Amino acid sequence: MTIPLTVTFTLASWIAKGLQDGTLERVGGVIIDAASKHIVTWLREPNNSPIPASSSSPNNLLNLVFSGANLVASGANAAVTRQGLADVTGRLGGVEQASLGNIAVSGINLIGTFANAAISGKGFAGVNGRLGEIENQLGEIGQNLQLTQGILQVTTAASVLNLGVSVMGFAVIAQRLNELEKRLKQAEELLSKVNRKIDLSFYANFRAAIELAINAFTMVKPENRRSSALQAINRFLEAEHIYTEYTDIEIEQKSQIADEYLLTLSLAYLAEARCYLELEEHDTALRRFQEGARVIRSRIQKYVDLLLTSNPGAYLQPQFKGQIDLRRLTRIYQWIDPNLDENAVFDLQRENLFKMAQDPNKWLDSLPAAILTRVEVQAGWFGPSQDDLKQEAYKRLPQVFEVMESMIETNRRFESYQTEVQAISQLGISFHDWLKLTPSTEIKPEDAELMYIIPSKPLELQPNI
């Protein structure tokens with residue numbers, strides 16, 4: 017059977033144009049038609065891409081910045097080569113014969129071994145007129161690579177989840193779980209100051225379930241494979257119930273660790289669904305993703321509402337000029353209600369901004385513990401002053417805003433996983449064949465961080481993304 021898919025490392029020009037003019041949009045790991053919501057492209061990190069590492073600050077547990085896909089690390093290098101091109105003569109005529117298609121894909125080895133000669137420009141008397149065209153094309157390549165990074169906006173909001181479920185294998189899930197557990201251990205000291213304790217024992221059970229799943233899918237006999245996989249699934253189901261309860265408690269407490277449990281809950285649902293996919297039980301996997309999406313979305317929305325505070329206008333204070341603007345705030349609100357635009361969001365904040373101007377300190381008193389507690393702020397004998405609290409809040413709010421963006425991105429990626437499951441059924445292929453998709457003729461460029469899976473025609477899939 018011929019699979020009606022194109023797999024490439026290069027972002028198609030028509031997709032780039034659609035993302036620029038708004039007719040297409042990225043939602044998690046898919047690009048959709050903004051009007052019909054049909055899938056036009058899946059984004060996937062290549063399977064041999066390094067697992068993104070996390071970074072978190074022990075002084076601020078809300079700094080959940082996972083390094084996402086660094087789409088084009090060296091896209092600007094194309095512009096550097098242009099300086100020397102003006103002095104290159106016919107001796108570089110062979111460059112013209114190089115495949116500009118391959119050059120465009122790599123974005124880094126632009127002129128190969130001729131780079132030094134082009135930069136030095138020594139000993140060349142004339143300029144071959146044909147090189148002007150090459151120079152222009154190379155410049156366009158560099159611009160297009162940088163443009164790709166901007167229009168996809170993959171790195172603007174990092175996530176604990178990869179773009180595709182196909183890349184979220186059990187080893188990746190285990191690593192992310194370990195990172196969350198470490199962050200919770202860092203939180204213990206702070207929580208002890210407010211007489212709160214963290215029960216980390218269930219993380220050991222979760223890890224054991226992942227190891228059981230890994231062992232199950234290395235077994236040769238189908239009956240043993242399925243039996244061990246079902247045992248792992250039962251443990252993942254237990255983890256889902258436990259971390260749903262933990263999440264609800266922490267959100268009710270307005271806690272700083274609610275997000276950690278939310279992300280752990282996402283991993284539990286993902287691990288369970290991945291087991292069903294490995295067993296080629298696509299319908300069951302889809303149902304579990306749909307159930308997880310409902311559970312996770314409702315709680316992430318509660319958490320985002322909490323972090324928006326009783327006065328979301330706080331994020332538009334003059335202190336955050338150049339960091340947080342109305343456009344970023346609008347994207348948060350549009351996740352909650354897609355019908356809102358910038359004007360509507362500004363109208364929602366008119367009164368909030370007016371209240372803040374009347375009493376600049378009142379908003380401090382309404383900040384939830386998820387953002388700031390008095391015990392965290394170092395001060396003298398009489399505790400932190402209003403100014404101490406305000407300065408600490410100014411430091412944290414930009415990071416808290418990134419947390420909201422990160423949680424929303426995680427939610428969108430989780431929801432978009434459903435489209436992969438539907439696609440493999442609609443296209444008539446197995447999950448394992450889906451995993452093996454790769455460009456048939458293209459060589460993976462050294463710095464390629466994304467692969468694009470493009471159906472021959474947009475697919476109408478059901479999940480609400």
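So the sequence shown is numbered by my numbering: it starts at 17 and just counts up by one. Quick reminder that beta carbons are idealized off the backbone N, C-alpha and C, glycines included. Since we're looking at a predicted model, the values are computed, not measured.
Among Glu254, Leu302 and Pro62, which has the Cα closest to the Cα of Ile440? The shortest C-alpha separation from Ile440 is found at Leu302.
With C-beta atoms as the reference, is Arg192 less than 8 Å away from Val176? Taking 8 Å as the Cβ cut-off, Arg192 and Val176 qualify as a contacting pair.
Between the CA atoms of Thr234 and Ile352 - distance to the nearest angstrom: Approximately 42 Å between the Cα atoms of the pair.
Cutoff 7 Å; reference Pro62; Cβ partners in own chain excluding five residues on either side: Correct list, in chain order: Lys460, Ala464 and Met467.
Assuming Asp275 and Tyr319 are in contact, meaning their beta carbons sit under 8 Å apart, how far apart are those beta carbons, in whole angstroms? Asp275 to Tyr319, Cβ: 6 Å. Contact.
Once the 5 residues before and after Asp375 are set aside, which same chain residues still bring their CB inside 6 Å of it? Excluding positions up to five away in sequence, the list is empty.
Quick check on the DSSP output: what are the complete alpha helix (DSSP H) runs of length 4 or more inside the region 279-335, in order along the chain? DSSP runs (the alpha helix (DSSP H)) wholly in the region 279-335: 298-324.
Ordered along the chain, which non-local residues of its own chain (more than five positions away) have a Cβ less than 7 Å from that of Asn427? Here the set comprises Ile312, Arg313 and Ile316.
Using a 10 Å radius around the Cβ and a threshold of 16 neighbouring Cβ atoms, would you call Val419 buried or exposed? For Val419, the number of other beta carbons within 10 angstroms of its own is at least 16, and it is reported as buried.
Whole angstroms are fine: how far does the CA of Asn240 sit from the CA of Ile348? Roughly 46 Å between the two C-alpha positions.
May I ask you to list the residues that DSSP assigns as paired with Thr24? In DSSP, Thr24 forms a bridge with Tyr468.
Determine whether the beta carbon atoms of Glu431 and Trp450 lie at a separation below 8 Å. In this structure, Trp450 does not lie closer than 8 Å to Glu431 by Cβ.
Proximal residues to Gly38 (C-beta, below 8 Å), its chain only, five neighbours per side dropped: Answer for Gly38: Ala50, listed in chain order.
Closest by CA to Pro474, which one among Gln36, Ile48 and Lys213? Here the closest residue by C-alpha is Ile48.
Count the other CB atoms within 10 Å of the CB of Asn194; is the residue buried (16 or more) or exposed (fewer)? Exposed is the call here.
Sequence-distant residues of its chain with Cβ nearer than 6 Å to Phe186 (five each side left out): By the criterion of a C-beta distance shorter than 6 Å, Phe186 is surrounded in its chain by Ile226, Ala229 and Ile230, once the five residues flanking it on both sides are discounted.
Is the region 353-366 touching the region 407-423, taking contact as three or more C-beta pairs under 8 Å? Judged by Cβ distances under 8 Å, the region 353-366 makes no contact with the region 407-423, as fewer than three pairs qualify.
Okay, do the region 290-302 and the region 399-408 touch, 3+ Cβ pairs below 8 Å being the bar? Put simply, the region 290-302 does not touch the region 399-408. Fewer than three CB pairs are less than 8 Å apart.
Can you confirm whether Val188, when its beta carbon is compared against all beta carbons of chain C, has any partner nearer than 8 Å? Absent from the structure: chain C. Only one protein chain is present.
Taking the alpha carbon of Ile189 as the reference point, which residue from Ala309, Leu322 and Phe222 has its own alpha carbon closest? Of Ala309, Leu322 and Phe222, the residue nearest in Cα terms is Phe222.
Chain-order list of residues whose beta-carbon lies under 6 Å from that of Leu477 (same chain, five-residue window excluded): Excluding positions up to five away in sequence, the list reads Ile55, Thr435 and Gln438.
How is the alpha helix (DSSP H) around Asp264 delimited, first residue to last? Counting along the chain, the alpha helix (DSSP H) containing Asp264 begins and ends at Pro238 to Glu268.
Have a look at the DSSP bridge pairing and note the partners of Asp49. Bridge partners of Asp49 according to DSSP: Leu40.
Taking the C-alpha atoms as reference points, what is the distance between Arg242 and Ala232? Between the C-alpha atoms of Arg242 and Ala232 there is a straight-line separation of about 7 Å.
At which residue ranges does the region 433-466 contain complete alpha helix (DSSP H) runs of 4 or more residues, listed in the order of the chain? Here the runs fully enclosed are 447-451.
If the criterion is Cβ atoms closer than 8 Å, does the pair Val416 and Leu323 meet it? When the beta-carbon positions are compared, Val416 and Leu323 come within less than 8 Å of each other.
Work out the CA separation of Thr57 and Thr164 for me, nearest whole Å. Residue placement at Thr164 is flagged as unreliable, the pLDDT there being 49, under the threshold of 50; the coordinate-derived value follows with that caveat. So the two alpha carbons sit approximately 14 Å from each other.
Taking Phe218 as the reference, which of Lys53, Asn377, Asp321 and Tyr259 has the closest Cα? Of the candidates Lys53, Asn377, Asp321 and Tyr259, the one whose C-alpha sits nearest the C-alpha of Phe218 is Tyr259.
What does DSSP give as the partner residues of Trp58 in its beta bridges? According to DSSP, Trp58 bridges with Val46 and Ile469.
Let me know the alpha helix (DSSP H) ranges lying completely inside the region 373-409, each 4 residues or longer, listed in chain order. Counting only runs of 4 or more, we get 378-381.
State yes or no: is the C-beta of Ala32 within less than 8 Å of the C-beta of Ile470? For Ala32 and Ile470, no; Cβs fall outside 8 Å.
In this structure, how does DSSP classify Leu475 when only helix, strand and coil are distinguished? Strand at Leu475.
Spatial neighbours of Arg343 within its chain, please: CB distance less than 8 Å, with the 5 preceding and 5 following residues excluded, ordered by chain position. Within its own chain, the residues whose Cβ lies closer than 8 Å to the Cβ of Arg343, once the five positions on either side in sequence are excluded, are Glu358, listed in chain order.
Got a sec, what are the start and stop residues for the alpha helix (DSSP H) Ile348 sits in? Bounds of the alpha helix (DSSP H) holding Ile348 are Leu342 to Ile352.
Cα-Cα separation, Ala409 to Tyr285: Cα to Cα, the separation comes out at about 34 Å.
Would DSSP call Met420 helix, strand or coil? Assignment of Met420 by DSSP, reduced to helix, strand and coil, places it in the helix class.
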